[in-house]
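Its first residue numbered 623, the sequence shown is counted upward by one per residue in my numbering. Virtual Cβ for every residue (Gly too), placed ideally from N, Cα, C. Accompanying notes for the structure given below.
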Amino acid sequence: MTGPEGRSPEHLETGCRALVVVDPDGLAIAELDAAEPSRAALDDVLCLAPATAAGRTAGRPSEQAADAEDALSVQGPTVLRVQGDEVLAWDDDARAYLPLDRLELAVLCTPMWGRTVRDVAGDLGEDADAVGAAAGTLGRLGIVAVERRSGGDEAAEQPGEAPEASAEAAGEHEAGAVDPTEGAATAPDPAFRWQDADHRVAVHAVYHSPEHNANLGLGLIMAYARVHAGGTLNDAYDLRRARIDSQPMLDELARRRRPAVVLFSDYMWSIHQNLEVSAEVKRLAPGSLTVHGGPHAPKYEADAERFFAEHPHVDVIVRGEGELTVAALLEALGGEVGAEDLADRLTDVAGITFRVPTDDGYRLIRTPDRERASDMSIFPSPYLTGEFDEIDPARWRSATIETNRGCPYGCTYCDWGSATLSRIRQFPLERIKAEMEWLTARGISEVFFADANFGIYARDVEIAEHLADLKARYGAPAGVICSFAKNTTKYTTDIVRVWVEAGMCAEGSVALQTTDEVTLRNVKRSNIKIERYDDLAEEFRRLGLPIVTDLLMGLPGATPASFKEDLQRCIDRDVTPRMMETVVLPNSPMNDPEYRERFQIETDDASVIVSTSSYTRQDFDEMLRIRLLFRSLEHYGLLRHLFRWLQHEHGLRAVDLISDIDAAIDADAGRYPLLTWVGRYFDLMTVPPGGWPPFYDEVVDLLADRHGIKRDDAMDTVIEVQEFLMPTRTRRFPDELELRHDYVAWYHDTLAPGASVRPLGEYEPGRLIVDDPAGVCDARLLRNYFSIRRLEACDNPFWVLNDWELRSDLMRPMATAVPLLAG
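What follows is the structure, encoded as structure tokens:
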């Protein structure tokens, strides 16, 4: 093993760079610098550790060395602390930092993943016995898992999944990916051979789902096309069943070289891949007609013009609902694709914008908008008519059901089904029940109701009850997702209670978005009564049911102050917020050029609003920092109980303390390195920040430094509770803590409406018992393989997984969702 002596890399010297993080790949050290960690060379970090760590003999616990044939695996990201000439790892057993020597650090930074001690020793040029001893130390610390293969005791924890396995699993999610630079496969899919003799025009529906879910919209379009005008379209067209993987279609086009009609459903998560496939369709079968629809196919004229200019392979955009429009388009084509009189054929098809070739390029024709369908019963169910029979339901994570379509509200940021400000139209009840049975009988784990306002009708309770009955019969689904009615909570409680009692992961989800009156007026949401949300929150808390709300950051009219007030309102009502950036959807009223100009809306490359007339880009960055701190400290629970105690007994509001933490770590990261880690990087590596005791010591120091709140007997009780509720890899359950004051009783007293609560210090001793049935301390959360880069919120488990709470008498109802979402 080599490592330069005496070097101290400049980028690891000051501020919060006193922390380093071991990448779970085991290949390098990620150091904290700037907005995102970068990777330091292994030699740069090895130089910080002495050949023999000081103080390692006196009082050091004995370790069981790993044998030469034992397999090693990194448990997950680990926060180490660099202090002076030492690299420190937290030792839960000793409740103290343990200095690592250079060999231990080198072992930790060497690729493992099931490789043996002998293999690692060979990589390092070290003796296997010495490497085994180092691995034993790292194993006891919970940093490395040792799989005994040589007759020794079994390790307490098994190795994590190898990155190869993870990559293979991830590859399954990319099954629909297409590399336009590669030629199509030469071997024909047997499923298509009989179609070579069929001279009808093939119609394909393309949708790329990262989770292999069927697309309800395309299914409805294809199912209706089969029955439109008495089924006459089947004479001219071979209407293909929906598939998720587009490669078989491309293979067929490459083989037959016959033009086809290809339908694309464009969403923010599928648009880029759809455009790649669309271009490939044109390359393989140039006469094909590519038809794009969905929320990301632009309807505004300037956006549509830009879309056609940037993507010359796109022929048609469908605006609004697609069932009637696509059927009319196919009927107008008359089974002839690539006809020269395309303009004449399609001009009378309402609801489309299409490209017409000209001598000097092309021109666009925009037909009048199509009225929305009034009778939903004319559209057959794609589940019940076989549209999805070629998609294996065993690979679906969730499935979508529409019980109604339309929304009476006109919130400017929304484009729900391209049907905002419209009358609600219902699908037949018996059809909905049959669809639910079709899905549950096939074991679909999650049902998503796509209604904009589920629970607005009394029959929605009947739908919920029927799904609960199906859960009892088939054991599925495990969870339900829906967006509840905005202006009435009459049926919401009954619906959630039915689902929770049936053993389904469900929560009352109400889309608050903001409580700021100016912002509500700006986004045309002022007609929705905020008091309804307060009533619902109180009812759910009384019944012990989970409730969450959605908050949109950066709406026109918002400020950092209004965002903090929204967060404080959630804390005061014990409601969990899902905090999301505001994305300007292509077809939402917010994307209207006049609206954008009025509120001076600026967006980034991902269409996220980053400044408006009410806040600057710097203000938005502050909101992002506050969101990260709130998610870490409140939602993941790191300071959840300390927040409540400080509010109740010291009058220090949670959002004010969060803002102060943000300012403190910005001004003096070196004074609070562990708080800095959580406040700036916790979304990248969601693991304990070294040790919990030193983390809470920093919090106590900050309270004293900046607020003059001194540590006393009551605060010690709250800190003990906080630490006891936090997960670690070496924890064993059930676990019990004797408390100087009965915090559990005090906490529940504070939740009682109108109760007069004594100071915590006046409560008698108590106890707290915790367990971990959801496996929070095991592979679900602590061995996460988060990449060291910032992702969109929907792609990062940090923003999706529910929390870190262990089961106890202090557990929030929302934590019941962890097993489903983390599984």
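CA nearest to the CA of residue i, picked from the options
| i | options | result |
| --- | --- | --- |
| residue 840 | 1250, 1005, 1237 and 1226 | 1005 |
| residue 1148 | 747, 738 and 1136 | 1136 |
| residue 1360 | 1372, 1376, 1388 and 1368 | 1388 |
| residue 1102 | 1121, 1115 and 1116 | 1121 |
| residue 868 | 903, 843 and 877 | 903 |
| residue 1052 | 695, 1078, 1084 and 1142 | 1084 |
| residue 962 | 951, 978, 954 and 973 | 978 |
| residue 1015 | 1061, 1026 and 1028 | 1061 |
| residue 1239 | 1229, 1225 and 1251 | 1225 |
| residue 852 | 1432, 1000, 1309 and 971 | 1000 |
| residue 1144 | 1212, 1171, 748 and 1165 | 1212 |
| residue 1254 | 1208, 1209, 1302 and 1030 | 1302 |
| residue 1116 | 1079, 988, 699 and 766 | 1079 |
| residue 975 | 992, 1275, 1267 and 710 | 992 |
| residue 1111 | 1098, 1082 and 1154 | 1154 |
| residue 866 | 746, 1018 and 842 | 1018 |
The alpha helix (DSSP H) enclosing residue i, as first and last residue numbers
| i | result |
| --- | --- |
| residue 1339 | 1335 to 1346 |
| residue 721 | Taken as a continuous stretch (DSSP letters only), residue 721 belongs to no alpha helix (DSSP H), being part of the beta strand (DSSP E) at 718 to 722. |
| residue 739 | 739 to 746 |
| residue 1066 | Segment: none, residue 1066 is in no alpha helix (DSSP H) and carries neither H nor E. |
| residue 1372 | 1365 to 1373 |
| residue 1165 | 1152 to 1165 |
Within 8 Å, strictly: CB atoms of residue i and residue j
| i | j | result |
| --- | --- | --- |
| residue 845 | residue 996 | no |
| residue 1285 | residue 1237 | no |
| residue 855 | residue 949 | yes |
| residue 575 | residue 1277 | For the chain, the structure presents residues 623 to 1445; residue 575 sits outside this window and is missing. |
| residue 1262 | residue 1256 | yes |
| residue 1010 | residue 836 | yes |
| residue 929 | residue 936 | yes |
| residue 886 | residue 825 | no |
| residue 713 | residue 763 | yes |
| residue 1168 | residue 1129 | yes |
| residue 1024 | residue 838 | yes |
| residue 864 | residue 1066 | no |
| residue 1311 | residue 849 | no |
| residue 821 | residue 892 | no |
| residue 1313 | residue 719 | yes |
| residue 1170 | residue 1131 | yes |
Terminal residues of the beta strand (DSSP E) in which residue i lies
| i | result |
| --- | --- |
| residue 712 | 708 to 713 |
| residue 687 | Residue 687 -> no beta strand (DSSP E), and no H or E assigned at all. |
| residue 974 | 974 to 980 |
| residue 957 | Looking at the DSSP string, residue 957 is not in any beta strand (DSSP E), and its letter there is neither H nor E. |
| residue 912 | 911 to 915 |
| residue 1000 | Counting along the chain, residue 1000 falls outside any beta strand (DSSP E), and DSSP gives it neither H nor E. |
| residue 1227 | Neither: residue 1227 is in no beta strand (DSSP E) and is coded neither H nor E. |
| residue 986 | 983 to 988 |
| residue 1046 | Neither: residue 1046 is in no beta strand (DSSP E) and is coded neither H nor E. |
| residue 1023 | 1021 to 1023 |
| residue 1231 | 1231 to 1233 |
Beta-bridge pairing of residue i - partner residues as DSSP gives them
| i | result |
| --- | --- |
| residue 1172 | 1200 |
| residue 1452 | This structure does not reach residue 1452, given that the chain is present from 623 up to 1445, and the question cannot be answered. |
| residue 757 | DSSP lists no partner for residue 757. |
| residue 1193 | BP columns for residue 1193 are empty, so no partner. |
| residue 766 | 696 |
| residue 1222 | For residue 1222, which the question treats as bridged, DSSP gives no partner whatsoever. |
| residue 1358 | 1391 |
| residue 1135 | 1173 |
| residue 824 | 860 |
| residue 1142 | None, per the DSSP bridge assignment. |
| residue 939 | 914 and 975 |
| residue 1027 | 1047 |
| residue 1239 | The partner list for residue 1239 (beta bridge, DSSP) is empty, contrary to what the question assumes. |
| residue 1205 | 1230 |
| residue 1429 | 1393 |
Residue i CB to nearest heavy atom of the ligand PLP below 7 Å
| i | result |
| --- | --- |
| residue 877 | As far as ligands go, the structure on display features none, and thus does not contain the ligand PLP. |
Original post:
Which whole runs of the beta strand (DSSP E) in the segment 1084 to 1132 are 3 residues long or more, in chain order?
Top reply: Counting only runs that start and end inside the segment 1084 to 1132, the beta strand (DSSP E) elements of at least 3 residues fall at 1101 to 1103.
**OP:** At 3 residues or longer, and completely inside the segment 1294 to 1330: list those beta strand (DSSP E) runs for me, N to C.
**Re:** Secondary structure within the segment 1294 to 1330: not one fully enclosed beta strand (DSSP E) run of 3 or more consecutive residues is present.
Subject >> alpha helix (DSSP H) segments (min. 4 residues) lying fully within the segment 828 to 894 >> reply: Within the segment 828 to 894, the complete alpha helix (DSSP H) runs of at least 4 residues are 838 to 849, 855 to 858 and 869 to 878.
**OP:** Please list the segments of the alpha helix (DSSP H) lying wholly inside the segment 1241 to 1295, counting only runs of 4 or more residues, in order along the chain.
**Re:** Within the segment 1241 to 1295, the complete alpha helix (DSSP H) runs of at least 4 residues are 1262 to 1272 and 1276 to 1289.
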